[in-house]
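6 protein chains.
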Amino acid sequence: MTITPAVAKFAAGSARIELGDTHVFCTASLGEGVPGWLRGSGRGWLTAEYSMLPGATPTRGAREAVRGRQSGRTMEIQRLIGRSLRSVVDLGIIGERTIAVDCDVLQADGGTRTASITGAYVAVYQVALKIKDLLGLNELPLFDSVAAASAGVVDGEARLDLDYEEDSAAEVDLNAVVTGDGRLVEVQSTAEGEPFSRAALDGLLDLVVAGAVALGAVQAAACAELERA
Amino acid sequence: MTITPAVAKFAAGSARIELGDTHVFCTASLGEGVPGWLRGSGRGWLTAEYSMLPGATPTRGAREAVRGRQSGRTMEIQRLIGRSLRSVVDLGIIGERTIAVDCDVLQADGGTRTASITGAYVAVYQVALKIKDLLGLNELPLFDSVAAASAGVVDGEARLDLDYEEDSAAEVDLNAVVTGDGRLVEVQSTAEGEPFSRAALDGLLDLVVAGAVALGAVQAAACAELERA
Amino acid sequence: MTITPAVAKFAAGSARIELGDTHVFCTASLGEGVPGWLRGSGRGWLTAEYSMLPGATPTRGAREAVRGRQSGRTMEIQRLIGRSLRSVVDLGIIGERTIAVDCDVLQADGGTRTASITGAYVAVYQVALKIKDLLGLNELPLFDSVAAASAGVVDGEARLDLDYEEDSAAEVDLNAVVTGDGRLVEVQSTAEGEPFSRAALDGLLDLVVAGAVALGAVQAAACAELERA
Amino acid sequence: MTITPAVAKFAAGSARIELGDTHVFCTASLGEGVPGWLRGSGRGWLTAEYSMLPGATPTRGAREAVRGRQSGRTMEIQRLIGRSLRSVVDLGIIGERTIAVDCDVLQADGGTRTASITGAYVAVYQVALKIKDLLGLNELPLFDSVAAASAGVVDGEARLDLDYEEDSAAEVDLNAVVTGDGRLVEVQSTAEGEPFSRAALDGLLDLVVAGAVALGAVQAAACAELERA
Amino acid sequence: MTITPAVAKFAAGSARIELGDTHVFCTASLGEGVPGWLRGSGRGWLTAEYSMLPGATPTRGAREAVRGRQSGRTMEIQRLIGRSLRSVVDLGIIGERTIAVDCDVLQADGGTRTASITGAYVAVYQVALKIKDLLGLNELPLFDSVAAASAGVVDGEARLDLDYEEDSAAEVDLNAVVTGDGRLVEVQSTAEGEPFSRAALDGLLDLVVAGAVALGAVQAAACAELERA
Amino acid sequence: MTITPAVAKFAAGSARIELGDTHVFCTASLGEGVPGWLRGSGRGWLTAEYSMLPGATPTRGAREAVRGRQSGRTMEIQRLIGRSLRSVVDLGIIGERTIAVDCDVLQADGGTRTASITGAYVAVYQVALKIKDLLGLNELPLFDSVAAASAGVVDGEARLDLDYEEDSAAEVDLNAVVTGDGRLVEVQSTAEGEPFSRAALDGLLDLVVAGAVALGAVQAAACAELERA
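Chains as they are written, first to last, in the working numbering: chain H, 1 to 229; chain C, 1001 to 1229; chain U, 2001 to 2229; chain E, 3001 to 3229; chain W, 4001 to 4229; chain X, 5001 to 5229.
1. In whole angstroms, what is the alpha-carbon distance linking C/P1005 and C/L1215?
2. What's the C-alpha gap between U/V2228 and E/S3041?
3. So what's H/G82 in DSSP terms, helix, strand or just coil?
4. Strictly below 7 Å CB to CB, what residues from chain C border U/K2238?
5. In its own chain, which residues sit with a C-beta less than 8 Å from the C-beta of X/A5169, not counting the 5 before and 5 after it?
6. Is the beta carbon of C/L1046 less than 9 Å from the beta carbon of C/I1131?
7. Please name the residue, chosen from X/R5060, X/F5025, X/P5058, X/I5077, that lies closest to H/L53 on a Cα-to-Cα basis.
8. As a quick exercise: from U/Q2107, U/L2140, U/V2088, U/R2159, pick the residue whose alpha carbon is nearest that of U/D2181.
9. Hey, quick one: how far does the alpha helix (DSSP H) through C/L1106 stretch, first residue to last?
10. Under 7 Å Cβ-Cβ, which residues of chain D neighbour H/Q70?
11. Can you check whether the C-beta of E/R3060 is within less than 9 Å of a C-beta belonging to chain W?
12. In whole angstroms, what is the alpha-carbon distance linking U/L2106 and C/A1008?
13. Among all the DSSP beta bridges, which residues are the ones paired with U/I2017?
14. Can you pull the DSSP bridge partners for E/V3172?
15. For E/N3138, is the classification buried or exposed, using 16 other Cβ atoms within 10 angstroms of its Cβ as the cut-off for buried?
16. For E/A3028 and E/A3123, which I take to be in contact (beta-carbon distance under 8 Å), what is that distance rounded to the nearest angstrom?
17. Kindly identify the DSSP beta-bridge partner or partners of H/W45.
18. Is it buried or exposed for X/A5200, if we count other Cβ within 10 angstroms and need 16 for buried?
19. Which residue comes first and which comes last in the alpha helix (DSSP H) that contains U/L2226?
20. What residue does the alpha helix (DSSP H) around W/E4139 start on, and which one ends it?
21. Taking 9 Å as the threshold (beta carbon to beta carbon), is H/T114 in contact with chain C?
22. Which partner residues of C/R1073 appear in the DSSP bridge assignment?
23. Assuming H/D173 and H/E192 form a contact by the criterion Cβ under 8 Å, report the distance between their Cβ atoms to the nearest whole angstrom.
24. Give the interface partners of X/T5118 over in chain H, defined as CB-CB distance under 7 Å, in chain order.
25. List the residues that DSSP assigns as beta-bridge partners of E/E3186.
26. Interface residues of chain U around E/L3129 at Cβ under 9 Å?
27. Taking the C-alpha atoms as reference points, what is the distance between E/R3159 and E/G3031?
28. Could you check the C-alpha separation between X/E5194 and W/L4140 for me, to the nearest Å?
29. According to DSSP, X/A5158 sits in a beta bridge with which residue or residues?
30. Which of the three DSSP states, helix, strand or coil, is assigned to C/V1124?
31. May I ask you to report which of helix, strand or coil DSSP gives H/A62?
32. Can you grab the Cα-Cα spacing for the pair C/A1128 / C/A1048, in whole Å?
33. By the three-class DSSP mapping on this structure, what secondary structure does E/A3148 have?
34. Drop a sphere of 10 angstroms on the beta-carbon of E/R3039, count the other beta-carbons inside from all chains shown, and report buried for 16 or more, exposed for fewer.
35. Between which residues of its own chain and U/G2187 is the CB-CB distance below 6 Å, once the five residues before and five after are set aside?
Here is the structure:
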């Protein structure tokens, strides 16, 4: 697993994450203004959009801009990315500004939503550095780091970070979004076939939390690189 | 909490669920044919659509048919309803037919997605009775019942079935879809503000599973009424 | 025929009308503001939206929010509902507020557009009571009541309130919107097959006006119930 | 009032109608095939579409293709045009073919829907001549001619064919579609302000039927010109 | 080739151009206000929209308002029309007003985009006369005239103004937009089959520039007629 | 300028082109089947889609999938990419298959449409190698290579490959698509302000053809790398 920060020249923040054969290109832009319901509140906002490039998979996927609407799956994923990142950004301190995160999957082999969250955190970190300078803050406007991982039960055995083939065969699937201090932001678990037991859920969750903590180290290295730049 | 079965004359199955001040009108229609990827497989399918009527809330919501697109929230919910019900329907035995579930919220006071799943199960049960007759099956094409409940942490305390006001104040929110035998179909937990601990998750899950089991008794009574009719 | 007023807890006004096997759930919401062309005029507005729930008919209808557009039939009906109700609401006295009427057909067996108008009047009446209180008016901001009925010629004979089967066989079809004092707001008559004579039109119109007057009594009872509440 | 037939070189039928300052360009195309629900029936179909060119009015109207949807008014009008023309075309004899009528308003000064019907009949007549040849029919596949006219009450007086200014001031408005033998295909009457009496309706209807009959003579002349060509 | 100016009573400017069997109805409307990015600049704007009426061709084309989106071809053409006309209008002098040009093809036999530009110039000229009066300018707010022509290589030979049949057989196709003083505003050349040589391009360009200059005389006559009116 | 071939694991062909600060990610997918109008012809087809990622520019661009429609600019560019590549692919020999090209701009600093064409050719080359193997052809199904370049006049001086800043200041802009043997596939030249002379056009065209020939060498190196792999 590698995260390369600052891969885009014009976006305020960016990172490319490669997790197995899943590659996601993440950018974070900083704009003036907030959605209507926040105007006048003095608070900022963070939104996220997600897309899978048509050529990311062996069978070409239809381009959503051509079909004229985003799929339910896309909307579900981008809402998850947004909630996850908002949980660690101090939106109260950045003023009426919006951080717009974009996660575009260049290559997909399972786990694109969790890779997007993990990579996008680094892009947001780069924006946070710029906001700190811009506003003369003492600290970064971040409460903690956040990473996401997934696991599934394949052939009766819990495994971390399933690739596409394993994922298709999984009996249960669990995604969790975890902060740097090991607390949970979001847990989603789905039976792909048979319903699952509470014990299976607990086992997967142990695995995913450990996995997310491991990702935190890679994020930290990428963020350190941004600090040095 | 009440579930009134067979509330619609023309739909193959239907039920109205009232859970506190949340009222959902659920129908299930049976149609010939399946989506493209299942054609020729001999298997059936179940889809679900969800909508909140504009007058369901104190402030009128925009009608999605007028805006020309369903929101991300709507898509997320209807995908969840579909997955939940598919987990208990024996799609392999019903032939190339599609059960189309519709959950329209007449009145909303929190928990509309879990109420939809719980009520829609009864509508699907009514369709299952008709399929059994139609195909001369020995048993209903159902593996088990399924119900959903939600809970949240408000003021540090875990509570079942939050109403809108409590929900807005909740720190953590957990929805679970649970089969009649107590196994899990789906778990979704979200930090509304602060990230939460594993212990908080475990506590909420205990509460929700117990809640869903209690709902099962109400469902069973409604289904028994359908059997007698 | 029954009209149950105040069936929705959160909408400002509501009513459920059952006319044979046609059931319509009507709500009326009161919002601040008016469309652009009325801003600054001091006048209010009333809009209406109509929808048939997918499970309302034996063969499930496609959900318009999923198709991404309302059908021509839907638009035609909701425009008619809006015009009909605007003819009796004193929009000059309610200030720059908009009454948004929603008619959602739970069950359809012919005559949904006329039932919608008749039921929605009661929902609007409930809103009118609230506006009277809100603005301290001496009278309700209503000029009169309004109801609608339909009739058709089946097997050469004029009949009121056709059900779906009769409607499909009708040679001519007439809808009229009639005020409490028996005047006309809208008349629409269509030859379903052969063109019809002026005499046929006159006969149908006599029937429909009488029918609408009869509906007025049921509306009055429902409104009286609202007054008492 | 003038109707110029055969104004388009490539469309199977066409006519330009000028009624006061309202000018409509009507074409009728003949295509193989029918909508799904008629396939295999051996019967034909007729559809109609309507549009107002943006420059047809003093204040430019938005182009519906740019907004991405047709307005309710447009849909209502094109449905009326289609029903009106279908009432006189012998769809049972033309085989599984579709006549597609297009009415595009070049200049609008009131009465565009009735002018569209009246002009489009001549375009359809030209197509009917071609179908007669194509299929070797003994007669044209038309039962009768059809024309439409409108009238309104302005300053308490009933007048035929209101222009835009009169129309805006009208108290009642009535459109009728009338066959050559004086029978009715469609009657639509709307109170623009005050509800109207049965007597007012009767008066307007007399006027409009007489007006439509007069239009029939102009149509006949245009059709005779097509016969000679 | 003929251009008839002032063919629409209500639009500020208009012209009908007939170039062979291609007929385009052009209007130009003058409105207050400009797009967002020009607000406060004191400058005006010109936009253009293009459409082919469904009956303009032997096989009926789908109406874009019904499909809910403009095709790529339509967008490309209307962008070209807009750029071409903006090159000769003095937008700095007309204040924050927008000239909206509409080109609707009544009949299509090749060359509709170039005919649209040539005809629309005359409609814009009529608007320019009105602006001159409105603002009390000494001169028309036009830098020059502009016309467009096209040519193609058919059977190895360069020909001006191909009709639809020739156009379908053309090996190369070139459109150019040329000002009255013979300078170029836009050149677009496309190989329909084999790539083409620089010499072929040069030959076509010579032909088209000469053709456009010839069109200028017809435009001038139409504009003179407007001056006299 | 660099072109890296085979940058995507799952797409049949791919390349990443970096031209100054413009970076485009190009993939080419091979699918069975062709559009309707080619079915049964035995011929193949090539389509292209283009998109600019939101974070590609200093000010974030709106995502077209969210707005629900592609812009006119996007459609124009993707139509150009498609035509350009079809001019060199032997569609008659590949059977009823479709090559779907996707150009997604990761970073934009001017010249994205020409860079897309130049890079996409290499992705198509990789697909052509696979088709050759798949069908056992003796040669690649390509007639020639194709590349595109652009130039503009800035401060009176013609320059190749303008970056965004220069492009914004350009007086004239010319894009040309050129085959390996120096012939032209497409020429587009636009006056950004003042109309331009024929001499200016000739000068820009000389520059661009030379530029495109130079790009051919870089393409050839990337293709040779694909041959060796």
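Virtual Cβ for every residue (Gly too), placed ideally from N, Cα, C.
With the structure as the only source:
1. Working through the second sequence from its first residue, we reach residue 1005 of chain C at position 5. Working through the second sequence from its first residue, we reach residue 1215 of chain C at position 215. When rounded, the separation of the alpha-carbon atoms in C/P1005 and C/L1215 is 15 Å.
2. On the third sequence, residue 2228 of chain U is found 228 positions in, with the first residue counted as 1. On the fourth sequence, residue 3041 of chain E is found 41 positions in, with the first residue counted as 1. In the sequence as presented, Val is not what sits at residue 2228 of chain U; that position holds Arg. Rounded to whole angstroms, U/R2228 to E/S3041 spans 58 Å at the Cα level.
3. Position 82 of the first sequence, counted from the first residue, corresponds to residue 82 of chain H. In this structure, H/G82 counts as helix in the three-state DSSP scheme.
4. Residue 2238 of chain U is absent from the model: chain U starts at 2001 and stops at 2229.
5. The count along the sixth sequence starts at 1 and reaches residue 5169 of chain X at position 169. Counting only Cβ-Cβ distances below 8 Å, and skipping sequence neighbours, we find V5154, D5155.
6. As a first step, residue 1046 of chain C must be located in the second sequence, where it is residue number 46. As a first step, residue 1131 of chain C must be located in the second sequence, where it is residue number 131. In this structure, C/I1131 does not lie closer than 9 Å to C/L1046 by Cβ.
7. Along the first sequence, read from residue 1 onward, the residue named residue 53 of chain H stands at position 53. When each option's Cα is compared against that of H/L53, the closest is X/F5025.
8. One-based indexing of the third sequence puts residue 2181 of chain U at position 181. Minimum Cα distance to U/D2181 is reached at U/V2088.
9. In the second sequence, the residue the question calls residue 1106 of chain C occupies position 106. Note, C/L1106: premise wrong, no alpha helix (DSSP H); beta strand (DSSP E) at 1097-1107.
10. Absent from the structure is chain D; the protein chains it does hold are H, C, U, E, W and X.
11. In the fourth sequence, the residue the question calls residue 3060 of chain E occupies position 60. Cβ-Cβ to chain W under 9 Å: yes for E/R3060.
12. Taking the third sequence and counting its residues from 1, one reaches residue 2106 of chain U at position 106. Taking the second sequence and counting its residues from 1, one reaches residue 1008 of chain C at position 8. When rounded, the distance between both Cα atoms is 8 Å.
13. If you number the third sequence from 1, residue 2017 of chain U lands on position 17. In the DSSP output, where bridge partners are listed per residue, U/I2017 has U/I2003, U/V2024.
14. Working through the fourth sequence from its first residue, we reach residue 3172 of chain E at position 172. In DSSP, E/V3172 forms a bridge with E/V3153, E/A3191.
15. Counting from 1 along the fourth sequence, the entry for residue 3138 of chain E is found at position 138. Exposed.
16. By one-based count along the fourth sequence, residue 3028 of chain E stands at place 28. By one-based count along the fourth sequence, residue 3123 of chain E stands at place 123. Taking the Cβ atoms as the reference, E/A3028 lies roughly 4 Å from E/A3123, within the contact range of under 8 Å.
17. Walking along the first sequence from the start, residue 45 of chain H turns up at place 45. Beta-bridge pairing links H/W45 to H/T98.
18. Along the sixth sequence, one-based indexing puts residue 5200 of chain X at 200. It counts as buried.
19. Walking along the third sequence from the start, residue 2226 of chain U turns up at place 226. For U/L2226, the uninterrupted alpha helix (DSSP H) segment begins and ends at 2198-2228.
20. Here the question's residue 4139 of chain W lines up with position 139 in the fifth sequence. Here W/E4139 belongs to no alpha helix (DSSP H), and DSSP marks it neither H nor E.
21. For this step, residue 114 of chain H is matched to residue 114 along the first sequence. Judged by the 9 Å Cβ criterion, H/T114 is not in contact with chain C.
22. In the second sequence, counting from the first residue as 1, residue 1073 of chain C sits at position 73. C/R1073 pairs with nothing; no bridge assigned.
23. Here residue 173 of chain H is taken as the residue at index 173 of the first sequence, counted from 1. Here residue 192 of chain H is taken as the residue at index 192 of the first sequence, counted from 1. Right, the Cβ-Cβ distance comes to about 6 Å (below 8 Å), so this counts as a contact.
24. One-based indexing of the sixth sequence puts residue 5118 of chain X at position 118. The contacting residues do not exist; X/T5118 stays about 17 Å from chain H at best.
25. By 1-based counting over the fourth sequence, the position of residue 3186 of chain E is 186. Its beta-bridge partners are U/T2190, E/V3177.
26. In the fourth sequence, counting from the first residue as 1, residue 3129 of chain E sits at position 129. Going along chain U, no residue has its Cβ under 9 Å from E/L3129, so there is no contact; the nearest lies around 23 Å.
27. Here residue 3159 of chain E refers to the residue found at position 159 of the fourth sequence. Here residue 3031 of chain E refers to the residue found at position 31 of the fourth sequence. Those two C-alpha atoms are separated by around 40 Å.
28. Sequence index remark: in the sixth sequence, residue 5194 of chain X carries index 194 (1-based). Sequence index remark: in the fifth sequence, residue 4140 of chain W carries index 140 (1-based). Taken atom to atom, the span from the alpha-carbon of X/E5194 to that of W/L4140 is near 18 Å.
29. Along the sixth sequence, one-based indexing puts residue 5158 of chain X at 158. DSSP links X/A5158 through a beta bridge to X/V5153.
30. Position 124 of the second sequence, counting from 1, holds the residue named residue 1124 of chain C. In this structure, C/V1124 counts as helix in the three-state DSSP scheme.
31. Along the first sequence, read from residue 1 onward, the residue named residue 62 of chain H stands at position 62. Here H/A62 sits in coil by DSSP.
32. To locate residue 1128 of chain C, count along the second sequence from 1; it is residue 128. To locate residue 1048 of chain C, count along the second sequence from 1; it is residue 48. If you take the alpha carbons of C/A1128 and C/A1048, they lie about 16 Å apart.
33. For this step, residue 3148 of chain E is matched to residue 148 along the fourth sequence. Judged by DSSP in its simplified three-state form, E/A3148 adopts strand.
34. One-based indexing of the fourth sequence puts residue 3039 of chain E at position 39. That one is exposed.
35. Stepping through the third sequence from its first residue, residue 2187 of chain U is reached at position 187. Strictly speaking, residue 2187 of chain U in this sequence is Val, with Gly absent from that position. So the list reads A2176, once near-sequence residues are dropped.
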